[in-house]
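Following this line, the structure appears as structure tokens:
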């Protein structure tokens, strides 16, 4: 998605060969017009997937997921990273190691909101090693629901998460795939899937 | 806002006289059409406030804040509840006790995204004692920015947060104010401001 690639190229800050900071428009301050366009693009990519629910992970996936859900006219659901009083005890859980936070956490989804027959479109802001996405897929499988697509805003193509999921047969579509970052230069993969 | 009050009355679950569960449409699973209408209503209420930025607190404020920001055509910013690598070290911070989680946490906002001259509209999902909102106001004051309005989805009118902020002169508008909950019966304040 050229709009997102241009935004990353002009405003994103790469540090070394692995860290990309996009907190100025994606995961701390949010450019809502860009995210709305991203939601529209995910709708274009997945409108024939048969999705019945949009699922993401708190907190930086939420903004993209709700704009996407608006285009689909579907409920959005976000996996919680801690056991909240307002989620209750009847949850599907999976453990996940977060490199951003440097620790393992437990991801939870109330059993009330994922059911057999649900066709889930996963939306998230980043894909690198794929840990968070795999934990969410585990939860969706526990519920007997089906993953019909995985939409990622920014994929680090030089890390194994996206390829491993595609090799397993998942329909992973990323709006921008970064092949390499070096000395502040960011190279995008030309065909974004 | 009748649409929200009706949703709370028909789907919300009150437990005892203090707990209201709205995880089926507001803070775990999200009814995006309702939240979009709430964003539109916040725009109607605050369109003359001169706001230059919409600020909320992760994670359950994010969905409402981004729909609101879309109507205002303004950036949304969310305060983080932990020190993220992708936020950096240059932050404004305030401590806040969360009754939902039963512990104190530190709220952070990057110094890059709040500046003197910013006119902030605070948006959040709940107001009870007002702890989270007061911590956010502290951060906004540290930045030398100004709070021009506070928009709350659901205010527990029987707790002191909203009244204390109005008494200090803040323009607090809540889309639904609950006066009491008892035996599953939820009573709304007739005039929602």
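Chains as they are written, first to last, in our numbering: chain A, 1 to 193; chain B, 1001 to 1193.
Heads up, the beta-carbon is just placed ideally off N, CA and C, and yes, glycines get one too.
Taking only beta-carbon atoms, is residue i less than 8 Å away from chain A?
i	result
residue 1153/B	no
residue 1183/B	no
residue 1036/B	yes
residue 1046/B	no
residue 1188/B	no
residue 1139/B	no
Got a sec? Which residues, its chain only, sit under 6 Å from residue i by beta carbon, not counting five neighbours each side?
i	result
residue 60/A	27, 125
residue 22/A	12
residue 1181/B	1014, 1017
residue 1020/B	1012, 1014
residue 1116/B	1144
From the beta carbon of residue i, is the nearest beta carbon of chain E less than 8 Å away?
i	result
residue 1029/B	Although the question refers to chain E, the structure presented lacks it and instead comprises the protein chains A and B.
Let's test the definition: count the other Cβ atoms within 10 Å of the Cβ of residue i and tell me whether it reaches 16, buried, or not, exposed.
i	result
residue 1009/B	exposed
residue 1075/B	buried
residue 1044/B	exposed
residue 53/A	buried
residue 1016/B	exposed
residue 1196/B	Residue 1196/B is absent from the structure shown; chain B starts at 1001 and stops at 1193.
residue 31/A	buried
residue 1155/B	buried
residue 185/A	exposed
residue 157/A	buried
Sorted by chain position, which residues of the same chain lie with C-beta nearer than 7 Å to residue i's C-beta, five sequence neighbours on each side aside?
i	result
residue 188/A	5, 176, 177, 178, 179
residue 136/A	55, 57, 79, 107, 122
residue 70/A	39
Contact criterion: CB-CB distance below 8 Å. Does residue i meet it with respect to chain B?
i	result
residue 23/A	yes
residue 40/A	no
residue 77/A	yes
residue 147/A	no
residue 51/A	no
residue 80/A	yes
residue 11/A	no
residue 2/A	no
residue 224/A	Since the displayed chain A opens at 1 and closes at 193, residue 224/A lies outside it and no answer follows.
residue 8/A	no
Taking only the alpha-carbon atoms, compute the straight-line gap between residue i and residue j and give it to the nearest angstrom.
i	j	result
residue 47/A	residue 37/A	15 Å
residue 1110/B	residue 94/A	30 Å
residue 1114/B	residue 146/A	42 Å
residue 1011/B	residue 1025/B	8 Å
residue 1193/B	residue 1082/B	Residue placement at residue 1193/B is poorly supported in this model, since its pLDDT is 48, which falls under 50; the coordinates are not used for a value here.
residue 165/A	residue 153/A	15 Å
residue 162/A	residue 90/A	31 Å
residue 18/A	residue 140/A	29 Å
residue 1002/B	residue 1101/B	30 Å
residue 159/A	residue 129/A	6 Å
Can you give me the Cβ contacts of residue i inside the same chain, cut-off strictly under 8 Å, excluding the 5 residues immediately before and after it?
i	result
residue 1049/B	1119, 1121, 1148, 1149, 1171
residue 1077/B	1053, 1054, 1055, 1056, 1109, 1113, 1114
residue 68/A	38, 39, 42, 43, 54, 76, 121, 123, 151
residue 35/A	26, 63, 64, 67
residue 1098/B	1104, 1105, 1131, 1132
residue 138/A	94
Residues within the region 1112–1134 of chain B neighbouring chain A, beta-carbon criterion of under 9 Å:
1112, 1113
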